[in-house]
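What follows is a short report on a single structure.
Residue numbers (full-length UniProt numbering): 1 to 202.
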């Protein structure tokens with residue numbers, strides 16, 4: 001048996017147990033924030049001891065980083081793939097929203113890790129979160145540039161402002177959606193399509 005398949009507690013392979021802990025950690029960190037999250041509660045949800053949790057991840061920071069990278073990588077990859085596929089600039093905002101809803105449909109609290117204001121102000125967590133936010137801001141700026149250029153608007157400051165507004169809209173929509181478990185990704189995408197049609201005629 002290779003090291004990567006080492007058996008963990010109760011005969012479960014180590015990587016499977018780690019994956020369970022990351023999922024449980026994501027929900028706890030998403031609900032309570034870094035500062036309020038309980039490592040005891042995370043261990044309890046998975047049915048392991050707190051010492052085992054620390055054995056796997058080393059510290060609370062180690063677990064948070066694992067959760068953050070899982071959320072950030074999935075999100076940025078999903079948005080990048082969607083934007084790389086191209087299409088009409090006016091349809092791209094809804095496509096991006098749909099990709100985000102699909103990514104987090106069964107893992108909604110993961111979104112909050114990217115904007116958790118209770119994380120340490122310096123260190124690996126702060127640097128990783130800032131990097132993901134920079135990448136998402138770059139996507140927003142690219143989308144705003146494509147949309148405004150298609151409408152004959154090219155002022156860079158206007159475009160930057162629109163990208164900032166869009167980032168706030170996305171955060172608000174997802175924050176609203178997180179606490180509505182009965183509304184799946186498809187329903188939320190359809191809702192956003194209706195909103196955009198009503199507001200902008202898209």
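Quick reminder that beta carbons are idealized off the backbone N, C-alpha and C, glycines included.
To which residues of the same chain is residue i closer than 6 Å at the C-beta, ignoring the five residues directly before and after it?
i, result
"residue 110", "26, 71, 104"
"residue 141", "163"
"residue 143", "92"
"residue 178", "108"
In angstroms with no decimal places, state the Cα-to-Cα distance between residue i and residue j.
i, j, result
"residue 188", "residue 106", "13 Å"
"residue 137", "residue 163", "7 Å"
"residue 155", "residue 80", "24 Å"
"residue 43", "residue 175", "26 Å"
"residue 86", "residue 165", "22 Å"
"residue 98", "residue 74", "14 Å"
"residue 18", "residue 46", "10 Å"
"residue 192", "residue 67", "28 Å"
"residue 69", "residue 198", "36 Å"
"residue 84", "residue 121", "33 Å"
"residue 102", "residue 182", "14 Å"
"residue 55", "residue 49", "10 Å"
"residue 180", "residue 113", "18 Å"
Within a Cβ cutoff of 7 Å, which residues of the same chain sit near residue i, ignoring the five residues on either side of it in sequence?
i, result
"residue 145", "159"
"residue 5", "Low per-residue confidence applies at residue 5: pLDDT is 38, beneath 50, and the placement is therefore not dependable enough to give any value."
"residue 88", "none"
"residue 171", "115"
"residue 30", "109, 110, 112, 113"
Alpha carbons only, please: which of the options is nearest the one belonging to residue i?
i, options, result
"residue 169", "96, 108, 30", "96"
"residue 65", "131, 84, 41, 85", "131"
"residue 100", "125, 139, 129, 128", "139"
"residue 77", "135, 181, 190, 184", "135"
"residue 133", "153, 167, 161", "167"
Grab me the residues of residue i's own chain with a C-beta within less than 8 Å of its C-beta, minus the 5 sequence neighbours each way, in chain order.
i, result
"residue 118", "33, 34, 35, 36"
"residue 123", "61"
"residue 22", "63, 66, 67, 70"
Task: Completely contained alpha helix (DSSP H) runs for the segment 59-132, where each covers 4 or more residues - done: Qualifying alpha helix (DSSP H) stretches, in chain order: 60-84, 92-104, 110-113.
Task: Secondary structure, alpha helix (DSSP H): runs of 4+ residues fully inside the segment 132-193 - done: 156-178, all fully within the segment 132-193.
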